Amino acid sequence: LLMQFYTAVSESVLCSSITIWFGAATKQDRNRLQKTVKTAEKIIGAPLPTLQDQYHTRTRNRAGKITTDPSHPEHN
6 LLMQFYTAVS ESVLCSSITI WFGAATKQDR NRLQKTVKTA EKIIGAPLPT
56 LQDQYHTRTR NRAGKITTDP SHPEHN
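In my numbering, the protein residues as written are 6 to 81.
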């Protein structure tokens, strides 16, 4: 139940537009946000993906969608 809550609320807020803001965030900002994930890990009692892992996963997924959509302006 806690994992579902984290995914539905916390992770969705933390990862909103992560492919846009993560690369421009300062190391200090990323560390502060990662601390939130670590705190959630302790509360839930289960490992959670790091923000960097989330960024890489979501960026790969987005790139995959672009490459398979010939109507997308960045397709080629």
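Heads up, the beta-carbon is just placed ideally off N, CA and C, and yes, glycines get one too.
Quick caveat: nothing in here was measured; it's all calculated off a predicted structure.
Inter-residue spacing [alpha-carbon to alpha-carbon] between residue i and residue j
| i | j | result |
| --- | --- | --- |
| MET8 | ASN66 | 22 Å |
| HIS61 | ILE23 | 9 Å |
| THR73 | ILE25 | 20 Å |
| ASP34 | GLY28 | 11 Å |
| LYS82 | GLN59 | Outside the modelled stretch of the chain, which goes from 6 to 81, sits residue 82, for which no answer is possible. |
Backbone secondary structure at residue i - three-state DSSP
| i | result |
| --- | --- |
| SER15 | helix |
| THR64 | helix |
| ASP74 | coil |
Assigned exposure category for residue i - 16 Cβ within 10 Å defines buried
| i | result |
| --- | --- |
| LEU56 | buried |
| GLU79 | exposed |
Under 8 Å between C-beta atoms of residue i and residue j
| i | j | result |
| --- | --- | --- |
| THR19 | LEU38 | The amino acid at residue 19 is misidentified as Thr; the sequence shows Leu. Contact flag set, yes. |
| TYR11 | ILE71 | no |
| ALA45 | SER15 | yes |
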